[in-house]
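Input: a single structure, listed below in structure tokens.
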Amino acid sequence: MSDVDIPVPRASVFAGLRLTKTAIVAGAVLLLWVFLAILGPTLAPHGEAEIISTKTFAPIGEGGWLGTDKLGRDVFSRLLYGVRTTLLLALITTVIAFAAGVTLGFAAAILRGWFDIIISRIVEAFMAFPSTLLALVVIGALGTSITVLVLTVGLVLSTGVFRVSRALGMDIGVMDFVEAARARGEGAWWILSREVLPNAMAPLIAEFGLRFTFSILFLSGLSFLGLGVQEPDADWGLMVQENIGGLFLGSSAALIPAACIASLTICMNLLVDWFQQRQQGETVLEKIDQ
Amino acid sequence: MTDILSITDLQVQGRPPGGQYVPIVNGVSFSVKKGEVVALIGESGSGKSTISLAAMGFARPGCRISGGKVVLNGRDVMALAPKERHALRGREVAYVAQSAAASFNPAIRIGKQVIEAPLWHGTADAMTAGNTALDLYRKLDLPDPENIGARFPHQVSGGQLQRLMAAMAMSCGPDLLILDEPTTALDVTTQIEVLKAFKDIIREQGTAAIYVTHDLSVVAQMADRILVLKDGAVVEMGDTDQIIHAPQHAYTKTLMDAVTPAERPGHLPAADPEIILSARNITAGYGAVTILRDVSVDVPKGTVVGVIGESGCGKSTLARVIAGLTPTREGETCIAGKSVAPAVGDRDKATLRDCQIVFQMADTALNPRMRIRDLLGRPLQFYHGLTGKAQAARVAELLTLVDLPPEFASRFPGELSGGQKQRVNLARALAADPKVILCDEVTSALDTVVAAGVIALLNDLKDRLGISFMFISHDLSTVSSFADDVVVLYAGRVVEKGLAEAVFQPPWHPYTKLLLASVPEMRQGWLEGVAETAEAQAAGAGGVDLGAKGCPFANRCAHLIKGTCDTTVPPMRVLEDGLAIACHLQPDTLPGVRDRS
Amino acid sequence: MLRLIANRLLQGLLTLFLASIIIFGATEILPGDVAEAILGQSRTEESLAALRAEMGLNRPAIVRYGEWLGGMVQGDLGTSLATKRPVADMIESRMWNTLRLALLAAAFSIPLALGLGLWAAMRAGGPLDKSLAMGTLALIAVPEFFIGLILMKIFAVELGWLSSTANTRPYYSFWQNVQALTLPVLTLGFAVLAHMMRMTRASVINIFSSAYMEMAALKGLPKWWLVLRHALPNALSPILTVIALNLSYMVSGVIIVETIFGVPGLTRLLIDGVTLRDIPLIQACAMIFGAVYILLNLTADILSILANPRLRYPK
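Going line by line, the protein sequences match chains A, B and C. For the first sequence, our numbering gives the first residue as 73, with consecutive numbering after it. For the second sequence, our numbering gives the first residue as 4, with consecutive numbering after it. For the third sequence, our numbering gives the first residue as 13, with consecutive numbering after it.
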């Protein structure tokens, strides 16, 4: 029993957050990308598929600001067009994953019984496949349209979300206030939406951030394998793949989009870390040295 | 005699994550001599635990010792280098925590953990340490001392684990022992053997000790001197005798009053009472384990029925079964005369409204993300269809009913204290306009003074609104001051029931006698007296036997009739004035009968 | 405890069974069937029907599934449509390459991850911990192919120390093997290294908030002893789970690494199979990947059970 007043779980999910330098920088970078996603195409000096130079794989500075790619297109412009694609696709797939995963996960946690057993087994079977493999087979079968891509990636992501939501739902579901609601006679829908969900917001937000990053990586990986966004659309993962050849010629046309992907995911991870940090005080590990 | 420990003007600050440092302990000074036991008493937030840890120079994560002097065995603890401070922990001063179950590493055998400290500090080699441990096990009256060290923590009982923790602390022969609420988590009947063991070993080794607790009657048994703490400062300090019988400070007097059971007005049962709630022949459990067997309880209108028992007796399960949260295997429940469906999902709103349940942990019973007005508003809307202004008005009424200011409606549970939360819990139950309220250990997690306030409130509500209560608790003194009828549960079976006066007077079921005798009294010397009795000895011989074929108390009863008690279920005999006792003993041989005449 | 393990094994089998249904189902949705693929452009309605009848494709799906499963269990993985060779032969030669890559990456990353994770936990909050945190963050956040590319650029292109293709021949000397395999192994290893390290650190730190850790600290025991003797045995369970999870992740990562470095492994086979609609090949490869994944998870679960003294020594 500690005599220190434990911080109360305050009303807002965002309570207790203090801005750190890291959070500000990470947030700024993300906002910049979002900004560019919205305005990108209008800011781009050239068109998405426009060939601006006969010199392919021109280094930075020549041709365009960031050089040209394997077909002589402006890397910088394609980068700007690519933000939109990358961010939008990642967002949509994460939203789909969450819609499916959270609903099923919570339902499984609250309803238990047969429903839980069957759904859990199915999800486990789906998770038995390396995600890339699953995507490979499905996309290979159904073609590389955006719809197929989005649905497939959404499906793959949703399994992880399901697991997390179910665990969360179970943890919260055994709390007394949920029991009190049951004792009152509340139905499953009320319990899920008004009792469980508000208390799961914080971890779910963090999970959303993480899934988002995973989605970006996964999508770019698929593009790299030729299964994602197709030519001549601009997508960062695709840009990396198509310009690999340039690596040996001293061109950084493959590295720049890869670095952009990295910046997105690193910043998102930092933000999620910051969001989760606020409840962490000292630990016994540090007290031992005192 | 030299001071083993001398604390002067101790200041400790604490900081919640992301917040500022605030003082928790403010200028506390006291000393402990060799062989002396000093008790630190106070409610939660008084800083007693923090002070005891400061004696080792340790502050919990989030706290820091910001001022004052701590002198242990002549050395200034705070002036030492960290390495030297580590050297005295587990050697010159040792700590016994509140929960033994949480304090032993579940992945390492007990014996290894017991001798770890002396081995590490180099005060003994493996052989000597092992022998010392064995010796301690024997002195602490542990079963199977040769082999108990080879077990894992989950393989021994709570009371045994607590004594093993004492062995772990004493294994290095410390000069000062810090006992931090060591028996708070134990049942009353287990507490006796543990307290006796502690006291004996402290006396024998001549160790000085600091005993932290909020339980005054335990303190009377164990301590030579008492420090009364409130909000991080010493309110009163003196010899045990003086503090208990002649407290000077107003706060100390309040504490004493809260512990002394109040006089009950006599209760005459109505001639033909309407039974509001009736649970008949309930048998229920979870999965393969059967917890309740053939339990029948009646709650007459306008009365309080106290259900008492210790951990594992099934009292919470009973409440859940009646509320419909746990399915029954057999038996039925009747509310206001009508038989109700066993599962809450199958009951109609009127039934749900009539019977409400209030849980023990107010912290988890209220949704932290909802405001009070929504927490109270929902049942109003759900059961009575009240919305808008009418709802808001009723919410204010409810808050006033439980002695809370109506402004609390806009607050969140996190902004309320424990006692206030429990009142909101109660208000929520009242919002439904129930006929009967099931209180599941509602005061067990509260401080004594706060709990007394909640009990007074319940009494008031009973008188004013005519609501019946089923009050479940393990705390006998609360139940005795508050209940009209009493049901005693043991291992899932009813062993005795009847009017409160009748149950608390002889004749008794052997378990009831043990239970009553185990409640510490505020006089010194009580502990020695009770530990010697036949009942206490027999009780220590075994643990709660849920699956017993005959009487569940058979393995711990001093009046065992071999061949009968352990094979056949005892009959429920009804004595004069309605008292019912489930025992094979003839009514005139029941414990206490001869004493009475 | 044995019952728990048996239970878990059964569940694993059930999952495997479900997985096979999913694989079979997935290949059923491929537009066009085997017959079309074989006859190609020159197909006609009649020849299609005839071939289908001959191959038994007009039988109900359940029957065909049963046959396929039965064959699998006996070791007959079907015959490739593209090469007409038994699938088992094709896989055998490639599987070793993939397995070697995965095993080497595991051998490299697991001990390093555990060691670094424990070290970081002990120095939690200090400068070493913070820099490791940044480093691992960078590794996880970066797409795997990026790591591979950077490594390739530095070591193969610029410095020329290592080979950028991982094509090994049986007659290669030890050093030539090292040259060829280092980059893919490192790439595969780095990604999972970061995850495992972070999880190890988090598990150990999490354990430190338990009451028994405080108790042990109050006995005056030093930090390193607390971490190794008290925290680690309790952290085994989550750590094992994470290792298994990451090994399975590696099964996925192998696909990318093999593509970048041109490793002649299972991945290539699978991708070719998908492109060519070589259904038996796809089914067999997918089953293998799936089975390995399930097996790893199962092992982690069982090891977790074994690591828990409450289950090893019941009351």
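Glycine included, each C-beta is placed from N, C-alpha and C at the ideal position.
Checklist line | Integer-rounded CB distance, given that residue 106(C) should sit under 8 angstroms from residue 281(C) | finding: 5 angstroms
Item checked: Helix, strand or coil at residue 325(C) according to DSSP, with G and I counted as helix -> coil
Checklist line | For residue 379(B) and residue 301(C), the rounded distance between their alpha carbons | finding: 55 angstroms
Checklist line | Test: residue 93(A) CB closer than 8 angstroms to a CB of chain B | finding: no
Next item on the list: In angstroms with no decimal places, state the Cα-to-Cα distance between residue 251(A) and residue 283(B).
Entry: Straight through space, the alpha carbons of residue 283(B) and residue 251(A) are spaced by roughly 24 angstroms.
Note to self: If you reduce the DSSP assignment to three classes, tell me which class residue 234(B) lands in.
What the structure shows: coil
Item checked: Nearest residue (CA-CA) to residue 233(A), options 169(A), 192(A) and 194(A) -> 169(A)
Item checked: Rounded C-alpha distance that separates residue 204(C) from residue 214(C) -> 15 angstroms
Item checked: Residues, ordered as in the chain, of the segment 193-224 of chain A that lie near chain C by beta-carbon distance below 9 angstroms -> 193, 194, 196, 197, 198, 199, 200, 201, 202, 203, 204, 205, 206, 208, 209, 210, 211, 212, 213, 214 and 215
Check: Would you say residue 345(A) reaches chain B, if we count a Cβ-Cβ gap shorter than 8 angstroms as a contact?
Finding: With its beta carbon at least 8 angstroms from every one in chain B, residue 345(A) lies outside the interface.
Check: Comparing the C-beta of residue 90(B) with each C-beta of chain C, is any distance below 8 angstroms?
Finding: yes
Next item on the list: Using a Cβ-Cβ cut-off of 8 angstroms, state whether residue 243(A) counts as contacting chain B.
Entry: no
Margin query: Beta-carbon within less than 7 angstroms of residue 409(B)'s beta-carbon, same chain only, minus the 5 sequence neighbours each way: which residues are those?
Written below: 399, 402 and 403
Check: What residues from chain A crowd round residue 350(B), counting only those whose CB sits closer than 9 angstroms?
Finding: 257
Item checked: C-alpha gap between residue 527(B) and residue 224(B), whole angstroms -> 5 angstroms
Next item on the list: Ignore the nearest five residues each way along the sequence and tell me which others in residue 521(B)'s own chain have a CB closer than 6 angstroms to its CB.
Entry: 191, 192 and 195
Check: Using the beta-carbon of each residue, which ones in chain A are nearer than 8 angstroms to residue 79(C)?
Finding: Ordered by position in chain A, no residue passes the 8 angstroms Cβ test against residue 79(C), which lies about 20 angstroms from the chain.
Notebook entry, point to check: So which residues of chain B does residue 254(A) contact, with C-beta pairs closer than 7 angstroms?
Noted result: 328 and 347
Next item on the list: Quickly, what does DSSP pair residue 505(B) with across the bridge? List them, please.
Entry: DSSP, once it has assigned bridges, lists no residue as partnering residue 505(B).
Note to self: Can you tell me whether residue 45(B) is buried or exposed? The criterion is at least 16 other CB atoms within 10 Å of its CB, across all chains shown.
What the structure shows: buried
Notebook entry, point to check: Just to confirm, are residue 158(B) and residue 224(C) a CB contact at a threshold of 8 angstroms?
Noted result: no
Item checked: Within chain B, the residues that residue 270(A) reaches when beta carbons sit closer than 8 angstroms -> 370, 372 and 373
Notebook entry, point to check: Are there 16 or more other CB atoms within 10 angstroms of the CB of residue 537(B), so buried, or fewer, so exposed?
Noted result: exposed
Check: How many whole angstroms separate the CB atoms of residue 84(B) and residue 73(B), which I take to be in contact at a CB cut-off of 8 angstroms?
Finding: The beta-carbon separation of residue 84(B) and residue 73(B), rounded to 15 angstroms, does not stay under the 8 angstroms limit for a contact.
Checklist line | Uninterrupted alpha helix (DSSP H) stretches inside the segment 378-457 of chain B (no shorter than 4 residues) | finding: Along the length of the segment 378-457 of chain B, whole alpha helix (DSSP H) runs at least 4 residues long occupy 391-404 and 421-433, reported in chain order.
Next item on the list: Give a yes or no on whether 8 angstroms exceeds the smallest Cβ distance from residue 165(C) to chain A.
Entry: yes
Notebook entry, point to check: Taking contact to mean at least 3 C-beta pairs separated by less than 8 angstroms, is the segment 196-208 of chain A in contact with the segment 285-296 of chain A?
Noted result: yes
Next item on the list: Kindly indicate which three-state DSSP category residue 72(B) falls into: helix, strand or coil?
Entry: strand
Notebook entry, point to check: In three-state DSSP terms, what is residue 42(B)?
Noted result: strand
Next item on the list: Starting from residue 158(A), find everything on chain F with Cβ-Cβ shorter than 7 angstroms and list it in chain order.
Entry: Here the protein chains are A, B and C, and chain F is not one of them.
Checklist line | Residue-chain proximity (residue 8(C), chain B), Cβ-Cβ < 8 angstroms | finding: As displayed, chain C neither begins before 13 nor continues past 327, which places residue 8(C) out of reach and without an answer.
Item checked: Contact list for residue 61(C) against chain B, beta-carbon separation under 8 angstroms -> Those within 8 angstroms of residue 61(C) in chain B number zero; the least Cβ separation is about 56 angstroms.
Notebook entry, point to check: Between residue 254(B) and the ligand NAD, is the CB less than 7 angstroms from at least one heavy atom?
Noted result: Because no ligand of any kind appears in the structure shown, any question about the ligand NAD cannot be addressed here.
Check: For residue 113(C), which residues of its own chain have a beta-carbon under 8 angstroms away from its beta-carbon, when the five flanking residues on both sides are left out?
Finding: 178, 193, 196, 197, 200, 266, 269, 270, 275 and 277
Notebook entry, point to check: Excluding sequence positions up to five away, which residues of its chain have a Cβ less than 8 angstroms from the Cβ of residue 160(C)?
Noted result: 195, 196, 199, 268, 269, 272 and 273
Next item on the list: Can you tell me which of the three DSSP states residue 514(B) falls into?
Entry: helix
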